[in-house]
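Protein chains: 2
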Amino acid sequence: MTVREQFIVGVDLGGTNIAAGAMPTDGTREIAMRMAPTHGEEGSAAVVDRIAAMIEDVIAQTRLETGAERSDFLGVGIGSPGPLDRLRGVVIVTPNLGWRDFPLRDEVGSRVNLPATLDNDANCATLGEFWCGAARGGRHVMGMTIGTGIGGGLILDGKLYHGASDIAGEIGHTTIDATGRRCKCGNYGCLEAYASGPAIAERAREVLDVDGDSILLDLVGGDMSRITAQTVFEASKRGDPIAVEVVRDTAHFLGVGISNLLNIFNPDTVVIAGGVTQAGEQLFEPLRAEVRRRAFKPAVDACRIVPGALPLSAGVVGAVATFKAQMLGDL
Amino acid sequence: MTVREQFIVGVDLGGTNIAAGAMPTDGTREIAMRMAPTHGEEGSAAVVDRIAAMIEDVIAQTRLETGAERSDFLGVGIGSPGPLDRLRGVVIVTPNLGWRDFPLRDEVGSRVNLPATLDNDANCATLGEFWCGAARGGRHVMGMTIGTGIGGGLILDGKLYHGASDIAGEIGHTTIDATGRRCKCGNYGCLEAYASGPAIAERAREVLDVDGDSILLDLVGGDMSRITAQTVFEASKRGDPIAVEVVRDTAHFLGVGISNLLNIFNPDTVVIAGGVTQAGEQLFEPLRAEVRRRAFKPAVDACRIVPGALPLSAGVVGAVATFKAQMLGDL
């Protein structure tokens, strides 16, 4: 008699998109991966409807592909922007969705009649890279997701570390310059205020205000408000001096923040995901050089700094992994 | 038949002094605590001689006080400045003692014919406060020892966290201002460059260079080179405006560094030990206010920031505790 394969569904809820998919419990493959717009402006009930429909769709497609029964699905792992109360399964507040104290885990779980778990999206992305991606084989892993903001997750001794009140890993909101740029969080000099996607675009615009001679302007048809981090990376790849400088500065700022992490937490792996990884080695090479200059040698020698390997699915894979870790014990 | 009490000897090796003492395995009391000058300039063999003699003295005194047999002593925990190779028991380098790759653990252990363990002095101090001091009852603890430098230790999920290569917790060498003051480590803007004892004294001297009207000068007979952090705290207690400002700035810098830790590690306890705790509430009150301004509310709400409760013995108590944790399992 063979043991039937069992499956876990993962959901990655973002401000813009919801991603979902299924994996067998051994994490060997991704099945029925889907993405749909969140439409958070329609309110929490509509978003829960959409999530439940995606889960049912993923289950149906997985059954089609694998011949699984409904009873072969153990449950649903959900990754959500935070802060969260993980044990109660409640989203405390998400500025992008306008939710407060919303019991997302139980709303979704009861709708699809499956056990569910909830964890922070950046934690999920880190655990996804640890379980199946670029941080595989690590034991002490720092994950950063750089997009609209900078999220972070910590894996210590092979387990996701949540801290005393589930907010550990907020690397984006560590100060790299105590009297520096104002951050959306209200603080000054946060890493996120320098190296998030919008911050990269903003720094490029600041340079262009002074020196407008750049192909950046051509790329956006002269409309500076359309400059994004992607535009900057594109211009940098073409050798535009202003864009090259902005990317180099980004590497410097990230290098300062990551050096702090190396000296505090001495990880074996730093995995960086999100839009900025599109910049590739033009970002990673000077970033590693900055870290070598700043962090202690034994910490530098012990650590590799790598781009994520699951750019589209880390959140879903990690949501599956958090369900597995929480409900079935270790990964 | 009663179970015989068993004992562990702790040794706290510093650049200036060696402290030693014994504790029963349940940590309920300190016995035969001693302190002697290190005299590192006499070389490693002389220092090992001195440590071995202190251990024998502690054992003899403990036997006298408790009626214990020699066989009731399980071993020796040693705390030493780092970086260390903990598993091999080797001090990799200590600038203050001039040692390189020195097998301190086995040199001491074989001399007194007892099992020995080695851990970083700042880790020991943190574990001491966690086991028997101000961080008791915590689960995620950040310890800082502020003296000539700023050392740190992390307790995560109730256990000392060492990282991938035993250097985790170097909070003193996290950047709070990427373009700031040069640090002894060669980097710029490290917390230690602002808030260590010598940095506090240096900042006071810088203000005095511009505005010499301060009782600080009276306290040192007009010799600015004699100003120490203690002098600054003393003048601040007497209401001297320049000293008050230097202490407030110190609270600000420490608050920035500690806010970073709260956002990354979300500890339930931050325990601050070392000379600066002499400043008392004039330092702690504005420090806590800075952290409230900067760190995320759930992290602030979850965390108390307290001075150490074992100013003289945290290192020895922690050395005992590291031996117990390593050799007998959890504390």
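If you read the sequences in order, they're chains A and B. For what it's worth, my numbering labels the leading residue of the first sequence as 745, then goes sequentially. For what it's worth, my numbering labels the leading residue of the second sequence as 745, then goes sequentially. Where a beta carbon is used, it is the ideal one built from N, C-alpha and C, also for glycine.
In whole angstroms, what separates the C-alpha of Trp-875(B) from that of Gly-771(B)? 8 angstroms
How long is the line joining the alpha carbons of Ile-822(B) and Arg-849(B), rounded to whole angstroms? 7 angstroms
What residue range does the beta strand (DSSP E) around Phe-751(A) cover? 751-757
Since I believe Gly-833(B) is in contact with Pro-859(B) (beta carbons under 8 angstroms), could you give me their beta-carbon distance rounded to a whole number of angstroms? Going by Cβ atoms, the distance from Pro-859(B) to Gly-833(B) rounds to 11 angstroms, so no, they are not a contact pair.
Residue(s) in a DSSP beta bridge with Ile-775(A): Ala-766(A)
Starting from Lys-928(A), trace the alpha helix (DSSP H) both ways and give me its first and last residue. Looking at the DSSP string, Lys-928(A) is not in any alpha helix (DSSP H), and its letter there is neither H nor E.
For Asp-901(A) and Asp-1045(A), what's the separation of their Cα atoms in angstroms? 18 angstroms
Is Thr-919(A) closer than 7 angstroms to Val-1000(B) when the C-beta atoms are compared? yes
Count the C-beta pairs between the stretch 1006-1024 of chain A and the stretch 886-893 of chain A that are closer than 8 angstroms, then say yes if the count reaches three, no if not. yes
Option in Ala-945(B), Thr-994(B), Gly-983(B) and Asp-984(B) with minimal Cα separation from Arg-970(B): Ala-945(B)
Against chain B, with Cβ distances strictly below 7 angstroms, would Ala-912(A) count as a contact? yes
Mind listing the chain B neighbours of Asn-1047(A)? Cutoff is C-beta to C-beta under 9 angstroms, in chain order. Looking at the sequence itself, residue 1047(A) is Cys, so the reference to Asn does not match. Correct list: Ala-908 and Ser-909.
So the candidates are Arg-1032(A), Val-755(A) and Phe-1009(A); which of them puts its Cα closest to the Cα of Asp-993(A)? Arg-1032(A)
Is any beta-carbon of chain A found at less than 7 angstroms from that of Asp-850(B)? no
If the cut is a Cβ gap below 8 angstroms, which residues of chain A does Ala-869(B) touch? In chain order: nothing, as chain A lies at least about 16 angstroms away.
Under the three-state DSSP convention, the category Val-964(A) falls into: coil
Burial state of Arg-947(A), where buried means 16 or more other Cβ atoms lie within 10 Å: buried
C-beta atoms of Met-886(A) and Val-1014(A) nearer than 7 angstroms: yes
Separation of Leu-963(A) from Arg-1048(B), as counted between CA atoms: 51 angstroms
If you measure between the beta carbons of Pro-1042(B) and Pro-827(A), is that distance less than 7 angstroms? yes
Along the chain, where does the alpha helix (DSSP H) containing Gly-872(A) start, and where does it finish? 865-876
Look up Ile-894(B) in the DSSP assignment and give the residues it is bridged to. Ile-890(B)
Spatially closest choice to His-884(B) from Asp-865(B), Leu-904(B) and Gly-1062(B), by CA coordinates: Leu-904(B)
Give a yes or no on whether the minimum CB-CB distance between Arg-1038(B) and chain A is below 7 angstroms. yes
Distance between Tyr-932(B) and Gln-1070(A) (C-alpha atoms, nearest Å): 41 angstroms
Start-end ranges of the alpha helix (DSSP H) lying completely within the stretch 773-860 of chain A, minimum 4 residues: 788-810 and 848-856
Please return the same chain residues whose Cβ sits closer than 8 angstroms to the Cβ of Ala-912(B), not counting the five positions on each side in sequence. Leu-898, Tyr-905 and His-906
With 16 other Cβ atoms within 10 Å as the buried cut-off, status of Glu-1025(A): exposed
Residues sharing a beta bridge with Ala-1017(A), DSSP: Thr-889(A)
Pro-1030(A) and Ala-995(A): beta carbons closer than 7 angstroms? yes
Can you name the residues that DSSP bridges to Thr-919(B)? Cys-934(B)
Backbone secondary structure at Arg-1048(B) - three-state DSSP: strand
Contacts around Leu-935(B), its chain only, beta-carbon distance under 7 angstroms, and the 5 residues preceding and following it disregarded: Ile-894, Ile-915, Gly-916, Thr-918, Ile-920, Phe-997 and Gly-1001
Go through its chain and collect everything with a Cβ distance to Arg-1038(B)'s Cβ below 6 angstroms, but skip five positions before and after it. Ser-1003
Could you tell me the alpha carbon to alpha carbon distance between Asn-867(A) and Asp-955(A), rounded to whole angstroms? 40 angstroms
Ile-986(A) in three-state terms, based on DSSP: helix
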